[in-house]
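Colleague: Numbering (the numbering used here), first residue to last: 21 to 147.
Yeah, the Cβ is synthetic: ideal placement off N, Cα and C, and Gly gets one too.
Okay, here's the structure, questions in a sec.
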């Protein structure tokens, strides 16, 4: 398999099609991937449009993008615990959901049985 730095190969054949980062978003280009400067841009799509398109194509799913400082923290912290950034987010979200279920008395793991795990939360009032 050939790896082309900075290009995501969509299709190889007589004419190649690939995606690459452009000034306005992600350019989808057609031509010879070995001569990318001669390729013709078919269209450009913004990254947020990709998220919306995936949500449209998979209505039962949920797509969330992380950018900026939060994305950097996720990437850095996931390395510390030897997880991929995606698995780090999934594990953190799962822990948060379980804590919320315990605090609210919900038991989504087995909704037929009532949860006997109840944690009272009391807030301190300022003096």
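(1) Go through the segment 42 to 79 residue by residue and report every complete run of the beta strand (DSSP E) that reaches 3 residues or more, in order.
(2) Whose C-alpha, out of 110, 43 and 37, is nearest the C-alpha of residue 53?
(3) Would you be able to state if there are at least three C-beta pairs under 8 Å between the segment 27 to 43 and the segment 54 to 74?
(4) On a Cα-Cα basis, can you pick out the residue from 55, 34, 33 and 110 that is closest to residue 25?
Modeller: If we stick to the structure as given:
(1) 46 to 51 and 60 to 65
(2) 37
(3) As far as the Cβ criterion goes, the segment 54 to 74 touches the segment 27 to 43, which means the pair count is three or higher.
(4) 55
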